[in-house]
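Here is the structure we will look at, set down as structure tokens.
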Amino acid sequence: MITRKLTLYMACLVLTGTAGGARADDAASSQKNFSIGMAGQSLPRYSGSDKRRWQLVPLVQARDGAFFIDSQKGVGYDLQSDSGLYLEHTLGYDLGRSERNSDWRDGSDRLNGMGNIKATVNTAVAIGWSVSPWLTLEGKATLPLSDSQGVNYQTSATLIPLQTSTDTVAFSTAALFGDSRYMNTLYGVSAAQSRRTGYTQYQAPGGFYGADTSLTWSHQFTPHWGSLISADYIWLDKHAKESPIVFRRNEAALTLGVLYTF
């Protein structure tokens, strides 16, 4: 979902203030580390909603060389070259969407009759290039494995204007794309759904559907305790905006998190 991009992919919201710096640091990939924490988020109830919700999400980050576990991305590995090119492959999980208000996943009572979007196991492949310590370009594709709900893609650029021993500021912007199945899973209204909900039937075309821009600041208080603040702005293009279940094309999300590194 878009909020897991954020969001969150989540993702909706993207919690990579320190990850962007890690790619620029060749030594990071050879280290072993483990971090746990908690984050609070304010975000739309679903992509296109004009209502908001608060949620708490656990943060877990562990790395052993090229292999990592990340509560936002999943389980995966990344391979990096001396030229700055890298490949990242992850196996993750998407919670789907409910047709009722939910405190732990996307959903709203305004979707009553639309049916639930099932949770899915997915795999994501990202190919990028750390052009310099302060600029990274990336292309990413996310494919569902446990249920065919379509494929989404994004191309992004991450700029790191500030990086010190205690602070990292990262600015990221991404163009969002989806095939027709993905678009209709999130934004389409079928004939059956139209009869149940009263919403006008809508067939969402595939292609570009929005942009996601985020600003993240991570701060290290001590060698063990750190924090992050991330603000996310999402704009939906007409392919998504013209859906009758989209009530707001401009969305924002805020994440506040604390991490403890062992």
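First residue of the sequence shown? That's 1226 in the numbering used here, and the numbers climb one at a time after it. Virtual Cβ for every residue (Gly too), placed ideally from N, Cα, C.
Unbroken alpha helix (DSSP H) runs of length 4 or more, entirely within the segment 1404 to 1482: which are they? Counting only runs of 4+ residues, the alpha helix (DSSP H) found wholly inside the segment 1404 to 1482 occupies 1405 to 1411, 1416 to 1422 and 1463 to 1466, in chain order.
Candidates Lys1343, Ala1395, Glu1363 and Ser1333: which alpha carbon is nearest leucine 1521's? Residue 1521 is absent from the structure shown; the chain starts at 1226 and stops at 1487.
Kindly indicate the opening and closing residues of the beta strand (DSSP E) around phenylalanine 1292. Against the sequence shown, residue 1292 aligns to sequence position 67. First-last of the beta strand (DSSP E) with phenylalanine 1292: 1292 to 1295.
Look up glutamine 1286 in the DSSP assignment and give the residues it is bridged to. Counting from one through the sequence shown, the residue named residue 1286 turns up at place 61. Among the bridge pairs identified by DSSP, glutamine 1286 is matched with Ser1260 and Asp1295.
Can you give the Cα-Cα distance for valine 1346 and aspartate 1457, rounded to whole angstroms? The residue labelled residue 1346 in the question sits at position 121 within the sequence shown. The residue labelled residue 1457 in the question sits at position 232 within the sequence shown. The C-alpha of valine 1346 lies about 25 Å from the C-alpha of aspartate 1457.
Given a cut-off of 8 Å on the beta-carbon distance, is the pair leucine 1304 and glycine 1482 in contact? Here residue 1304 corresponds to residue number 79 of the sequence shown, with the count starting at 1. Here residue 1482 corresponds to residue number 257 of the sequence shown, with the count starting at 1. It is not a contact, given that the beta carbons lie outside the stated cut-off.
Cutoff 8 Å; reference serine 1373; Cβ partners in own chain excluding five residues on either side: Within the sequence shown, the letter at position 148 stands for residue 1373. Excluding positions up to five away in sequence, the list reads Arg1406.
Kindly indicate the opening and closing residues of the beta strand (DSSP E) around serine 1357. Start at 1 with the first residue of the sequence shown, and residue 1357 comes out as number 132. Element bounds for serine 1357: 1345 to 1357.
Run through DSSP, which three-state label would leucine 1336 get? Within the sequence shown, the letter at position 111 stands for residue 1336. Residue state, collapsed to three classes: helix.
So, are the CB atoms of glycine 1273 and tyrosine 1412 less than 8 Å apart? Position 48 of the sequence shown, counting from 1, holds the residue named residue 1273. Position 187 of the sequence shown, counting from 1, holds the residue named residue 1412. Between glycine 1273 and tyrosine 1412, the C-beta spacing is below 8 Å.
C-alpha distance - glutamine 1280 paired with aspartate 1334, whole-angstrom precision: As a first step, residue 1280 is located in the sequence shown; it is residue number 55 there, counting from the start. As a first step, residue 1334 is located in the sequence shown; it is residue number 109 there, counting from the start. Distance between the alpha carbons of glutamine 1280 and aspartate 1334: 17 Å.
By DSSP, does leucine 1368 sit in helix, in strand, or in coil? In the sequence shown, residue 1368 corresponds to position 143, counting from 1. It is a strand residue.
According to DSSP, is arginine 1277 part of a helix, a strand, or is it coil? The residue given as residue 1277 occupies position 52 in the sequence shown. Strand at arginine 1277.
Between Met1408, Ala1465 and Phe1446, which has its C-alpha nearest tyrosine 1485's C-alpha? For the purposes of this step, residue 1485 is taken as the residue at position 260 of the sequence shown. It is Phe1446 whose Cα lies nearest to the Cα of tyrosine 1485.
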